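Engineer: In the working numbering, the protein residues as written are 1 to 211.
Glycine is no exception: its CB is placed at the ideal position from the N, C-alpha and C atoms.
It should be emphasised that the depicted structure is a prediction, and the values quoted were computed from it without experimental measurement.
#1: Between 57, 63, 58, 21, which has its C-alpha nearest residue 46's C-alpha?
#2: Is residue 186 helix, strand or coil when you go by DSSP?
#3: Leaving out five residues before and five after residue 141 in sequence, what residues of the same chain have Cβ atoms less than 7 Å from its Cβ?
#4: So what does residue 145 bridge to, in DSSP terms?
#5: Please determine, among 143, 124, 209, the residue with the shortest C-alpha to C-alpha distance to residue 187.
#6: Quick check for students: name the residue ranges of the beta strand (DSSP E) that lie wholly in the segment 65 to 116, counting only runs of 3 or more.
#7: Would you decide whether residue 114 is buried or exposed? Buried here means 16 or more other CB atoms lie within 10 Å of its CB.
#8: Taking DSSP as the reference, what is the three-state secondary structure of residue 133?
#9: Exposed or buried, residue 121, counting other C-beta atoms within 10 Å across all chains shown (16 or more means buried)?
#10: By Cβ distance, which residues of its chain are closer than 7 Å to residue 23, with the 5 residues on each side in sequence left out?
#11: One question on the structure: do residue 56 and residue 64 come within less than 9 Å of each other, judged by their Cβ atoms?
#12: According to the Cβ coordinates, are residue 144 and residue 191 closer than 9 Å?
#13: How about residue 107 and residue 40: do their beta carbons lie closer than 9 Å?
#14: Check the C-beta distance from residue 38 over to residue 88 and give it rounded, since I have them as a contact under 8 Å.
#15: Can you give me the C-alpha to C-alpha distance between residue 162 and residue 34, rounded to a whole angstrom?
#16: Compare the Cα-Cα distances from residue 42 to each of 101, 60, 25, 27 and report the closest residue.
#17: Taking residue 101 as the reference, give the member of 168, 31, 78, 95 with the closest Cα.
#18: Whose C-beta lies closer than 8 Å to the C-beta of residue 11 among residues of the same chain, with five residues either side of it excluded?
#19: Roughly how many whole angstroms lie between the Cα atoms of residue 176 and residue 158?
#20: Out of 19, 211, 52, point me to the one whose CA is closest to residue 137's CA.
#21: Assuming residue 46 is part of the beta strand (DSSP E), what are its boundary residues?
#22: What does DSSP give as the partner residues of residue 179 in its beta bridges?
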């Protein structure tokens with residue numbers, strides 16, 4: 001059963017997963033500056049350490065220590081056939097949120113990280129998603145996009161379904177009608193300046209190094 005909460009239209013929304021909590025001060029500040037914060041189950045414990053009170057906590061509550069704040073809404077999703085990340089994204093789509101920043105997508109368990117990437121990829125056509133880790137910014141790409149960057153930033157491209165024909169500009173190893181399959185053949189490219197452009201015939205995940 002879906003539970004609906006009447007919320008304002010927010011432009012800056014953080015979804016914090018119960019993965020590796022950011023150690024970067026910049027990312028913690030990015031969470032703090034969010035207009036609306038959603039914690040996925042045990043992520044509420046990590047937020048509490050930084051005195052961050054989420055607006056909503058979603059999950060089956062098998063990892064949460066205790067109630068965080070009286071003003072926090074708790075949405076129990078006991079379905080064990082779905083991950084808490086998937087439940088949270090389903091809720092966000094049902095609530096008609098249009099854009100979400102995701103934290104804690106990596107770490108703790110490798111299988112969770114890989115599963116999270118597939119879930120992230122699956123839902124990216126329903127809601128605008130971007131994920132932040134201590135090492136990377138992960139962005140879905142549909143067709144063509146110019147990315148903000150900096151000189152020597154590492155750029156990796158992944159296709160998870162079928163294959164894609166890729167063209168790029170302002171990357172050190174230029175891609176001209178390059179056919180990318182689900183593989184590691186387009187990782188560790190390097191940005192040549194403040195922007196780069198990637199065009200693809202299929203959806204990609206673009207990883208940009210933070211450092």
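Structural biologist: Reading from the atomic positions:
#1: The sequence position of residue 46 within the chain shown is 46, counting from 1. The shortest Cα separation from residue 46 among 57, 63, 58, 21 belongs to 21.
#2: As a working note, residue 186 is residue 186 in the chain shown. Reduced to three states, the DSSP call for residue 186 is coil.
#3: Within the chain shown, numbered from 1, the residue matching residue 141 stands at position 141. For residue 141, where only same-chain residues beyond five positions count, the Cβ hits under 7 Å are 198, 200, 203, 204, 206.
#4: Here residue 145 corresponds to residue number 145 of the chain shown, with the count starting at 1. For residue 145, which the question treats as bridged, DSSP gives the partners 198.
#5: For the purposes of this step, residue 187 is taken as the residue at position 187 of the chain shown. The residue with the shortest Cα to Cα distance from residue 187 is 209.
#6: 73 to 76, 99 to 103
#7: What you label residue 114 is simply residue 114 of the chain shown in a count that begins at 1. Counting Cβ neighbours within 10 Å, residue 114 comes out exposed, since fewer than 16 surround it.
#8: Here the question's residue 133 lines up with position 133 in the chain shown. Note: residue 133 maps to coil in three-state DSSP.
#9: Looking up residue 121 in the chain shown gives position 121. Buried, by the Cβ-count rule.
#10: Walking along the chain shown from the start, residue 23 turns up at place 23. Counting only Cβ-Cβ distances below 7 Å, and skipping sequence neighbours, we find 134.
#11: Mapped onto the chain shown, residue 56 falls at position 56. Mapped onto the chain shown, residue 64 falls at position 64. Contact: no.
#12: Here residue 144 refers to the residue found at position 144 when the chain shown is read from its first residue. Here residue 191 refers to the residue found at position 191 when the chain shown is read from its first residue. It is not a contact, given that the beta carbons lie outside the stated cut-off.
#13: Your numbering for residue 107 matches position 107 in the chain shown. Your numbering for residue 40 matches position 40 in the chain shown. Not closer than 9 Å, so no.
#14: Here residue 38 refers to the residue found at position 38 of the chain shown. Here residue 88 refers to the residue found at position 88 of the chain shown. With 8 Å as the limit, residue 38 and residue 88 qualify as a contact, their Cβ atoms being about 6 Å apart.
#15: The residue you call residue 162 lines up with position 162 of the chain shown. The residue you call residue 34 lines up with position 34 of the chain shown. Their Cα atoms are separated by approximately 36 Å.
#16: Taking the chain shown and counting its residues from 1, one reaches residue 42 at position 42. Answer by Cα proximity: 60.
#17: Position 101 of the chain shown holds residue 101. Of the candidates 168, 31, 78, 95, the one whose C-alpha sits nearest the C-alpha of residue 101 is 31.
#18: For the purposes of this step, residue 11 is taken as the residue at position 11 of the chain shown. Counting only Cβ-Cβ distances below 8 Å, and skipping sequence neighbours, we find 35, 99.
#19: Numbered from 1 along the chain shown, position 176 holds the residue referred to as residue 176. Numbered from 1 along the chain shown, position 158 holds the residue referred to as residue 158. Computed Cα separation, rounded: 16 Å.
#20: By 1-based counting over the chain shown, the position of residue 137 is 137. Nearest C-alpha to residue 137: 211.
#21: Counting from one through the chain shown, the residue named residue 46 turns up at place 46. No beta strand (DSSP E) holds residue 46; the alpha helix (DSSP H) holding it covers 43 to 49.
#22: To locate residue 179, count along the chain shown from 1; it is residue 179. Answer by DSSP bridge pairing, in chain order: 165.
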